[in-house]
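>
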Amino acid sequence: MSSSDAFASMIYRQLKRWWNNRSRVVMTVLNPLLWMVFLGLGWGGIFSPQSIPTAPGIPNMPSVADVIVKAIENYFKQLFGGVDYVTFMITGIVVMSAFMASFISGISVIWDKQFGFLKETLVASAPRSVVILGRIVGDGIVAAIQSLLIVLVSLLLTNNINLVNTPIAILYVFIMTLGFTALGTTISLKFSSMEGFQMVVNLITMPLIFMSGVFYPPTTMPEWMKWIAKFNPLTYSVHAVRYWLAGANAGFEYMNPLTDLAILIAFTSLMLVTAVKTFEKTTVED
Amino acid sequence: MSEIIVVENLVKRFKDVVAVNGVSFTIRKGEIFALLGPNGAGKTTTIHIIATLLRPTSGIVLVAGYDAVKNADEVRKRIGVVFQDPSLDNQLSAYDNMYIHGRLNGLRGRELHEKITKLLELVELKEYAHKKVMYFSGGMRRRLEIARSLLHEPEILILDEPTIGLDPQSRAKIWDYIKYLKKEFNMTILMTTHYMDEAEELAHRIAIMDKGKVLAMGTAEELKSMLGQDVIYVTLKKISDDNNLCKLFDFVKACNMLDGNRLELVVDDASKALPEVFRVVSLNSLQVAEASYRRPTLNEVFLHLTGRELRDSLEQPSVPQRRRVRGFR
Chain A
370 MSSSDAFASM IYRQLKRWWN NRSRVVMTVL NPLLWMVFLG LGWGGIFSPQ
420 SIPTAPGIPN MPSVADVIVK AIENYFKQLF GGVDYVTFMI TGIVVMSAFM
470 ASFISGISVI WDKQFGFLKE TLVASAPRSV VILGRIVGDG IVAAIQSLLI
520 VLVSLLLTNN INLVNTPIAI LYVFIMTLGF TALGTTISLK FSSMEGFQMV
570 VNLITMPLIF MSGVFYPPTT MPEWMKWIAK FNPLTYSVHA VRYWLAGANA
620 GFEYMNPLTD LAILIAFTSL MLVTAVKTFE KTTVED
Chain B
-8 MSEIIVVENL VKRFKDVVAV NGVSFTIRKG EIFALLGPNG AGKTTTIHII
42 ATLLRPTSGI VLVAGYDAVK NADEVRKRIG VVFQDPSLDN QLSAYDNMYI
92 HGRLNGLRGR ELHEKITKLL ELVELKEYAH KKVMYFSGGM RRRLEIARSL
142 LHEPEILILD EPTIGLDPQS RAKIWDYIKY LKKEFNMTIL MTTHYMDEAE
192 ELAHRIAIMD KGKVLAMGTA EELKSMLGQD VIYVTLKKIS DDNNLCKLFD
242 FVKACNMLDG NRLELVVDDA SKALPEVFRV VSLNSLQVAE ASYRRPTLNE
292 VFLHLTGREL RDSLEQPSVP QRRRVRGFR
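Heads up: the sequence lines are chains A and B, in that order.
Convert by adding 369 to the 1-based position in the first sequence; the result is the number in my numbering.
Position 67 (the second sequence) corresponds to 58 in my numbering; numbering is contiguous.
(1) Under DSSP, the beta strand (DSSP E) around aspartate 221/B begins and ends at which residues?
(2) Along chain B, which residues have their Cβ under 8 Å away from the Cβ of phenylalanine 382/A?
(3) Does the separation of the CB atoms of phenylalanine 24/B and threonine 226/B fall below 9 Å?
(4) Output the distance between the C-alpha atoms of serine 516/A and phenylalanine 5/B, rounded to the nearest integer angstrom.
(5) Leaving out five residues on either side along the sequence, give the residues of the same chain with a beta carbon under 6 Å from the beta carbon of isoleucine 96/B.
(6) Let me know the secondary structure DSSP gives threonine 574/A once reduced to three states.
(7) Below 7 Å CB to CB, which residues in the same chain sit around arginine 393/A once its five sequence neighbours on both sides are set aside?
(8) Which partner residues does threonine 184/B have in the DSSP bridge list?
(9) Which same chain residues end up closer than 7 Å to threonine 35/B when comparing Cβ atoms and leaving out the 5 residues on each side of it in sequence?
(10) Ends of the alpha helix (DSSP H) at arginine 393/A?
(11) Is threonine 460/A near alanine 551/A, with beta carbons less than 9 Å apart?
(12) For asparagine 389/A and tyrosine 119/B, I'd like the C-alpha separation in whole angstroms.
(13) Beta-carbon within less than 8 Å of phenylalanine 543/A's beta-carbon, same chain only, minus the 5 sequence neighbours each way: which residues are those?
(14) Just to confirm before moving on: does the CB-CB distance between isoleucine 165/B and leucine 157/B stay below 9 Å?
(15) In chain A, which residues lie less than 7 Å from aspartate 64/B when you measure between Cβ atoms?
(16) Can you list, in chain order, the residues of its chain whose CB lies under 8 Å from that of proline 77/B, leaving out five sequence neighbours each side?
(17) Excluding sequence positions up to five away, which residues of its chain have a Cβ less than 6 Å from the Cβ of leucine 410/A?
(18) With DSSP as the reference, label alanine 512/A as helix, strand or coil.
(19) From the beta carbon of histidine 185/B, is the nearest beta carbon of chain A less than 9 Å away?
(20) Kindly list, in the order they appear in chain B, the residues whose Cβ is closer than 9 Å to that of valine 478/A.
(21) What residues in the segment 40 to 62 of chain B bring their beta carbon closer than 8 Å to a beta carbon of chain A?
(22) Among Ser466/A, Phe376/A and Val499/A, whose alpha-carbon lies nearest the alpha-carbon of proline 401/A?
(23) Looking at the C-beta of arginine 386/A, does it have a partner C-beta in chain B at a distance below 9 Å?
(24) Strictly under 9 Å for the Cβ-Cβ distance: is glycine 507/A near chain B by that measure?
(25) Within 10 angstroms of its Cβ, does glycine 93/B collect 16 or more other Cβ (buried), or is it exposed?
(26) What's the call for glutamate 112/B, buried or exposed, on a 16-neighbour Cβ count within 10 Å?
(27) Taking C-beta pairs closer than 7 Å, name the residues in chain B that lysine 488/A reaches, listed in chain order.
(28) Would you call asparagine 528/A buried or exposed, if buried means 16 or more other Cβ atoms sit within 10 Å of its Cβ?
(29) Less than 9 Å separating the beta-carbons of arginine 270/B and aspartate 221/B?
(30) So that I know if they touch, is there some Cβ in chain A lying closer than 9 Å to that of leucine 1/B?
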């Protein structure tokens, strides 16, 4: 029998489940859109000063105000890697939503446990490694589709998105989601209790998001936060996706699309191996 | 090789309970073998170990010659399992559940499609093929699970309480399927049940389990013949200090003290033996509170082996649930 069949069937299952759940499809686009509109447009105004009241009585010096506005604008642009805040944040949100989606779908193995479907996959004749990899890749595809939808929606809010490079950006997103789905899967295979499930999700996802550069550049973080951000795989995918989508370069000096890719691949491989090893040893006792 | 499943001295210890305590049995190719016993007897644990879902604490399990621990992959290729608890994906249709199972177990394409259609027809779910499983009734889900486990025509079919919680019609239907499978594919079937009628109706051989041990094993006839023709149960009002009441009844074939002042007397003809029993009781200035006699069924065999009625032990709660899950979504 061919293992590719089992692999394909798990991908099919994850896609079908996602597609069958229409409200989830809508939410995956709606939720990031809310972030983009309210946080992006809300803060965006602050970082792009439009006017400074010109002091009356100095009629000959209107250009000073302009110079100041320009200087402030440039300062922020430089901080945000060469783009305005709205673009900066929107490109971050693309990664954030894919990250959330993948981590939660990994964690949702716990539902399979509760509703019994996990047992069905545990006794299948296909090798367990193939089964779990199929599941993870299926979730990765779902997350990648979602982030593509979000990129398309973001076109309404900014015109700095480079559509030609979008597939490359999505590829980075896909690699990252495999890693985080695998991490979520491992966590839920290890823990049997549903209690505190939501708490664990928040406890892991929120700090990772805040220390990744989604909302503010990592370069402006306090030292200790920078230090954590360097060990956060999300930082590298945010940086790379921002680079490919908007041409922005907001990150530590050593970061470039290639180092980002290398780090993401290393992270994802490690997570995949861990998930496979864990699934191979899983019993109904855990 | 005629012995397709060999279980030797199997022990499974969970944190605080010994669920299976030294179980041994062998199952021959093409037979229906039932593990009969109350909840918490260790039947499901035994089955989970055979299905490679649990690792034994000690002991050997061989399925078609493969070790269930070391060669789990080979074992999984040969078995189909219907679990006691649901294991369907509720968010998918019946067809998709079957389809994914088929692909996971090496089927594809036209062959798979035809088999799914045939099996859904067999379990009378064809018209609901594209309905999501979440809208199915308990009986429909059960039938779907059985249909699903048959999809890849396993050498060995493992059924954990196949008819638990089903209405009589659905039970009868599932019994028919099980018999059909045996006849049609000469499948080896290992099942657990706490219904005596089910074990008697379906199984070639039965192992009676209680508290993690196999107490007796054989065909239903063999098990019942442990007791002889008739069994008289006499409950005495007040028991004398003499523990050895049995010596009073020297005319019976076998005598056994059960729980609660109850005596089990095995005789050839109960209607003739009863007056004699009453005479002996009153001669010894004891009083009969209750007397009955039955043709032995598996229930009497269980009573004989454990001192408890199988029905009674069903009333007791089983092992406390280890995993507490709160349902949402």
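Yeah, the Cβ is synthetic: ideal placement off N, Cα and C, and Gly gets one too.
Keep in mind that this is a model prediction, so the values were computed, not measured.
The relevant details are as follows:
(1) 221 to 227
(2) At residue 382/A the sequence reads arginine, which differs from the phenylalanine that was named. What arginine 382/A touches in chain B: Asp80, Leu83, Asp87 and Ile91.
(3) no
(4) 44 Å
(5) The amino acid at residue 96/B is misidentified as isoleucine; the sequence shows asparagine. Here the set comprises His143.
(6) helix
(7) Trp387
(8) Leu27/B
(9) Gln75, Asp151 and Thr183
(10) 391 to 403
(11) no
(12) 17 Å
(13) Gly509, Ile510, Ala512 and Ala513
(14) yes
(15) Pro496
(16) Arg132 and Glu136
(17) none
(18) helix
(19) no
(20) Correct list: empty, because the minimum Cβ distance to chain B is about 13 Å.
(21) Ala42, Thr43, Leu44, Leu45 and Arg46
(22) Ser466/A
(23) yes
(24) no
(25) buried
(26) exposed
(27) Leu44, Phe74 and Ser78
(28) exposed
(29) no
(30) no
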